[in-house]
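Each residue of the sequence shown is one higher than the one before, counting from 14 in the numbering used here.
We treat Cβ as the ideally placed atom computed from N, Cα and C, and that holds for glycine.
All values derive from a computational prediction rather than experimental measurement.
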Amino acid sequence: MPQEMCWCYRSSAMIQEWASAPVIEAFASPLNTLAGKGCYHSAFADVDGLFGSLGSFFESSISDGTVEVNPPFDEDVVLRTATFCQTCLQRAKLESKMLTFVVV
(Lines of atoms letter the chains of each structure in order from A and count residues from 1; the text may use other names and numbers.)
(Lines give C-alpha, C1' and ligand atoms only; values in the text may rest on other atoms or scores of the structure.)
Protein backbone atom coordinates (compact mmCIF):
# COMPACT_ATOMS: atom_id res chain seq x y z
CA MET A 1 0.00 0.00 0.00
CA PRO A 2 1.51 3.38 -0.94
CA GLN A 3 2.56 5.57 1.98
CA GLU A 4 0.02 8.23 1.03
CA MET A 5 -2.74 5.65 1.34
CA CYS A 6 -1.47 4.69 4.82
CA TRP A 7 -1.64 8.34 5.87
CA CYS A 8 -5.07 8.80 4.31
CA TYR A 9 -6.47 5.70 5.99
CA ARG A 10 -4.99 6.66 9.35
CA SER A 11 -6.47 10.18 9.11
CA SER A 12 -9.87 8.76 8.23
CA ALA A 13 -9.71 6.19 11.04
CA MET A 14 -8.70 8.81 13.60
CA ILE A 15 -11.51 11.14 12.55
CA GLN A 16 -13.98 8.30 12.98
CA GLU A 17 -12.26 7.16 16.19
CA TRP A 18 -11.61 3.69 14.76
CA ALA A 19 -7.97 3.55 15.66
CA SER A 20 -5.24 5.72 17.06
CA ALA A 21 -2.33 3.51 16.00
CA PRO A 22 -0.51 3.80 12.68
CA VAL A 23 -1.01 1.34 9.84
CA ILE A 24 1.24 -1.68 10.43
CA GLU A 25 2.83 -3.64 7.58
CA ALA A 26 2.68 -7.41 8.12
CA PHE A 27 5.44 -8.39 5.68
CA ALA A 28 8.19 -5.86 5.07
CA SER A 29 11.88 -5.23 5.55
CA PRO A 30 13.95 -2.21 6.55
CA LEU A 31 14.58 -1.61 2.84
CA ASN A 32 10.98 -1.67 1.60
CA THR A 33 8.78 -0.56 4.50
CA LEU A 34 6.51 2.36 3.76
CA ALA A 35 4.99 2.44 7.23
CA GLY A 36 8.31 3.33 8.86
CA LYS A 37 10.33 2.38 11.90
CA GLY A 38 8.36 0.51 14.52
CA CYS A 39 5.42 -0.05 12.19
CA TYR A 40 6.34 -3.22 10.30
CA HIS A 41 6.88 -6.93 10.79
CA SER A 42 9.67 -8.79 9.03
CA ALA A 43 11.10 -12.28 8.59
CA PHE A 44 14.40 -11.61 10.33
CA ALA A 45 13.62 -10.01 13.68
CA ASP A 46 17.11 -10.63 15.04
CA VAL A 47 18.68 -8.38 12.40
CA ASP A 48 15.76 -6.19 11.32
CA GLY A 49 14.90 -5.32 14.92
CA LEU A 50 17.87 -2.96 14.89
CA PHE A 51 16.06 -1.05 12.14
CA GLY A 52 12.62 -0.94 13.77
CA SER A 53 11.04 -4.29 12.90
CA LEU A 54 8.35 -5.54 15.28
CA GLY A 55 9.45 -9.12 14.59
CA SER A 56 7.51 -11.93 12.99
CA PHE A 57 3.92 -11.16 11.99
CA PHE A 58 2.94 -14.67 13.09
CA GLU A 59 4.31 -14.12 16.59
CA SER A 60 2.57 -10.79 17.13
CA SER A 61 -0.50 -10.18 19.28
CA ILE A 62 -2.51 -7.86 17.07
CA SER A 63 -5.87 -6.96 18.56
CA ASP A 64 -6.74 -3.57 17.09
CA GLY A 65 -5.74 -1.07 14.43
CA THR A 66 -5.05 -1.51 10.74
CA VAL A 67 -2.65 -4.01 9.22
CA GLU A 68 -1.57 -4.01 5.57
CA VAL A 69 -0.97 -7.63 4.56
CA ASN A 70 0.98 -8.52 1.42
CA PRO A 71 2.46 -11.97 2.08
CA PRO A 72 5.04 -13.68 -0.12
CA PHE A 73 3.35 -15.55 -2.96
CA ASP A 74 3.77 -18.99 -1.42
CA GLU A 75 0.69 -21.14 -0.87
CA ASP A 76 1.68 -22.26 2.63
CA VAL A 77 2.46 -18.70 3.75
CA VAL A 78 -0.79 -17.38 2.28
CA LEU A 79 -2.83 -20.07 4.07
CA ARG A 80 -0.98 -19.48 7.34
CA THR A 81 -1.59 -15.74 6.94
CA ALA A 82 -5.32 -16.23 6.35
CA THR A 83 -5.62 -18.44 9.42
CA PHE A 84 -3.65 -16.01 11.57
CA CYS A 85 -5.73 -13.02 10.41
CA GLN A 86 -8.95 -14.90 11.14
CA THR A 87 -7.73 -15.74 14.66
CA CYS A 88 -6.82 -12.09 15.28
CA LEU A 89 -10.21 -10.90 14.00
CA GLN A 90 -12.05 -13.34 16.26
CA ARG A 91 -10.03 -12.18 19.27
CA ALA A 92 -10.68 -8.52 18.41
CA LYS A 93 -14.41 -9.20 18.15
CA LEU A 94 -14.45 -10.90 21.56
CA GLU A 95 -12.60 -7.91 23.04
CA SER A 96 -14.90 -5.41 21.23
CA LYS A 97 -11.95 -3.86 19.40
CA MET A 98 -11.75 -2.54 15.85
CA LEU A 99 -9.27 -4.46 13.69
CA THR A 100 -8.88 -4.15 9.93
CA PHE A 101 -6.68 -6.16 7.59
CA VAL A 102 -6.05 -4.69 4.13
CA VAL A 103 -4.93 -7.66 2.03
CA VAL A 104 -2.95 -6.82 -1.10
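Residue-chain proximity (residue i, chain D), Cβ-Cβ < 7 angstroms
i    : result
K110 : Going by chain labels, chain D is absent from the structure shown, which holds only one protein chain.
Coarse secondary structure for residue i, derived from DSSP in three states
i   : result
V90 : helix
E72 : helix
I28 : In this predicted model, I28 has a pLDDT of only 47, less than 50, meaning its place in the structure is not dependable enough to derive any value.
With 16 other Cβ atoms within 10 Å as the buried cut-off, status of residue i
i   : result
F97 : buried
V80 : buried
V36 : buried
D61 : buried
First and last residue of the uninterrupted alpha helix (DSSP H) at residue i
i   : result
V60 : 58-61
Cβ-Cβ distance between residue i and residue j below 7 angstroms
i    : j   : result
A39  : V82 : yes
R104 : S76 : yes
S42  : S55 : yes
K94  : P85 : Note on residue identity: the sequence assigns Thr, not Lys, to residue 94. Result no, Cβ atoms of T94 and P85 do not sit closer than 7 angstroms.
Residue range of the beta strand (DSSP E) that includes residue i
i   : result
F40 : Element bounds for F40: n/a, residue is neither H nor E.
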